[in-house]
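All residue numbers for the sequence shown refer to the UniProt record's numbering, where the first residue is 1 and numbers rise by one. Report on one structure; see the data block that follows.
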Amino acid sequence: MTASPRANRGPGAARENRLAIVAAATEVFAEQGIDAPLNAVAKRAGVGQGVLYRHFPDRVGLALAAFDTNVAEIEALAADPDRGLDDLFAVLTRQMIDSVAFVDIVTGADRDSRLEAIHDRVRSALAGAVDQARRAGVLRPVVTVDEVMLAVGLIASLVAKVGEAERRATAEAAWSLLDRALRP
Numbered sequence: 001m002t003a004s005p006r007a008n009r010g011p012g013a014a015r016e017n018r019l020a021i022v023a024a025a026t027e028v029f030a031e032q033g034i035d036a037p038l039n040a041v042a043k044r045a046g047v048g049q050g051v052l053y054r055h056f057p058d059r060v061g062l063a064l065a066a067f068d069t070n071v072a073e074i075e076a077l078a079a080d081p082d083r084g085l086d087d088l089f090a091v092l093t094r095q096m097i098d099s100v101a102f103v104d105i106v107t108g109a110d111r112d113s114r115l116e117a118i119h120d121r122v123r124s125a126l127a128g129a130v131d132q133a134r135r136a137g138v139l140r141p142v143v144t145v146d147e148v149m150l151a152v153g154l155i156a157s158l159v160a161k162v163g164e165a166e167r168r169a170t171a172e173a174a175w176s177l178l179d180r181a182l183r184p
């Protein structure tokens, strides 16, 4: 869906423009990947490219803002004592199905130091759940948070290679396979 162009309302619209850009980036990156043209983001947000670059001078800054909600959701779930690793896996699976670009950022090897911060936040959120699952006997005692992050990356790589209609089935099949390796 393309937003209709808005009249320039000046600096008073900065907050609204920023929110529109972040929402548009989230959608565009989810649909087209992290390498989507930024002019597509500006167009969907209903702003000019100059406005986009005034708020976000580069792609990484925009990606960080677009996917902060994903990370915050993972962190909030991890902090909930009534939720466990399976709940986190469910959220991560939904996020990778909805937006392969987000998981590419979290698990990607080519890192900007700012993207490393997202990776570290997700890893920290998972660390407590992994420890709790090991203590409860839900995970093998030797499974580490880094191995869980690797599993998430492996599944995300598979999900990224199939069409949108096949993502859920691919993710579920991959988790089923990895589950047998991770669980006692």
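No residue lacks a Cβ here, since even glycine has one placed at the ideal position from N, Cα and C.
For residue i, three-class secondary structure by DSSP
| i | result |
| --- | --- |
| Lys43 | helix |
| Phe56 | coil |
| Asp68 | helix |
| Leu139 | coil |
| Ala36 | coil |
| Gly50 | helix |
| Gly163 | coil |
Pairwise C-alpha distance: residue j and residue i
| i | j | result |
| --- | --- | --- |
| Ala173 | Ala13 | 46 Å |
| Ala45 | Asp35 | 17 Å |
| Arg94 | Arg123 | 17 Å |
| Leu178 | Ala151 | 7 Å |
| Leu154 | Val162 | 13 Å |
| Arg168 | Ala30 | 15 Å |
| Val142 | Ala40 | 45 Å |
| Arg15 | His55 | 10 Å |
| Ala24 | Asp120 | 25 Å |
| Thr170 | Leu88 | 18 Å |
| Val159 | Glu166 | 8 Å |
| Leu62 | Ala125 | 22 Å |
| Phe102 | Met96 | 7 Å |
The alpha helix (DSSP H) enclosing residue i, as first and last residue numbers
| i | result |
| --- | --- |
| Ser124 | 113 to 135 |
| Gly153 | 145 to 160 |
| Val22 | 14 to 32 |
| Ser176 | 167 to 182 |
| Arg94 | 85 to 98 |
is_contact[residue i, chain B] using C-beta, thresh 9 Å
| i | result |
| --- | --- |
| Leu52 | The structure shown contains no chain B; it is built from a single protein chain. |
Should the stretch 121 to 129 be regarded as contacting the stretch 69 to 89, the criterion being three or more beta carbon pairs within less than 8 Å? yes
So, does the stretch 60 to 80 touch the stretch 136 to 150, judging by three or more C-beta pairs under 8 Å? no
Under 8 Å, with one C-beta from each stretch per pair, do the stretch 45 to 56 and the stretch 74 to 81 reach the 3-pair mark? no
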